[in-house]
Each structure stands twice: as structure tokens, then as C-alpha cells.
Amino acid sequence: MSASEATPKPESADADILLYRLQACPFCERVVNKLDEYDIDYHSRFVEPLHSERDAVKRVVGARTVPAIIDENTGVAMAESGNIVKYLDRTYGGDD
Numbered sequence: 001m002s003a004s005e006a007t008p009k010p011e012s013a014d015a016d017i018l019l020y021r022l023q024a025c026p027f028c029e030r031v032v033n034k035l036d037e038y039d040i041d042y043h044s045r046f047v048e049p050l051h052s053e054r055d056a057v058k059r060v061v062g063a064r065t066v067p068a069i070i071d072e073n074t075g076v077a078m079a080e081s082g083n084i085v086k087y088l089d090r091t092y093g094g095d096d
């Protein structure tokens with residue numbers, strides 16, 4: 001493994017994908033891993049752990065759950081790690 005593979009890439013402030021997430025959330029990490037796999041620039045917005053405090057997420061995707069993404073390239077906003085991973089595979093995965 002090279003040094004570049006071992007070191008997480010820095011998040012871009014002008015990234016096209018915004019990821020709403022929690023610290024140490026395994027579902028959020030699943031999405032982060034997929035974004036890194038496809039070398040997609042993204043910006044993380046860490047949200048409050050209490051559901052009642054996640055109004056910003058609810059305004060975007062209609063629920064207070066995380067992870068949630070907004071893809072400025074396609075206009076897609078969605079929650080649920082499984083759905084996000086499938087979306088990233090379809091949209092950015094290429095012709096595997």
C-alpha cells in the first residue's frame with residue numbers, strides 16, 4: 001500500500017457532494033468509503049447526535065437521518081447509506 005492509499009484525501013471546500021454525517025457512525029463511514037473508492041470530492045457537515053437537532057438534514061432530504069447527501073452535479077438529495085451507495089455506484093462507478 002502506498003502512502004497515498006493509506007492517507008485519507010483532504011475534503012474539498014468546493015466539492016460537488018455535501019455529506020451530512022455523525023462522528024463514528026458506521027453507516028456514514030460506509031458512504032465515506034464509497035466516496036473515497038470513486039475518488040469523489042466531498043465536504044462533510046457533521047450534525048448533532050440528537051434527531052431533534054437535525055433540522056438542516058430534514059429540510060434537505062425530508063428526514064433527520066444520516067448519512068444524507070446532496071449531489072450538486074445531479075440535483076439528487078437522499079438519505080440511507082444503502083441507497084446512497086447504490087446511487088454512487090450507478091452514477092460514478094463506471095462500467096464495471
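Taking the UniProt record's numbering as reference, the numbering of the sequence shown is continuous, increasing by one, and the terminal residue is 96. Think of the CB as a built atom: it goes at the ideal place given N, C-alpha and C, for glycine as much as any other residue.
query: Exposed or buried, Ser81, counting other C-beta atoms within 10 Å across all chains shown (16 or more means buried)?; result: buried
query: By a C-beta neighbour count over all protein chains shown, 10 Å radius and 16 as the cutoff for buried, is Tyr38 buried or exposed?; result: exposed
query: Are there three or more Cβ pairs, one per stretch, closer than 8 Å when the region 45 to 56 is compared with the region 72 to 87?; result: no
query: In this structure, does DSSP put Arg76 in helix, strand or coil?; result: What sits at residue 76 in the sequence shown is Val, not Arg. Here Val76 sits in strand by DSSP.
query: How many angstroms separate the CA atom of Leu18 from the CA atom of Glu72?; result: 8 Å
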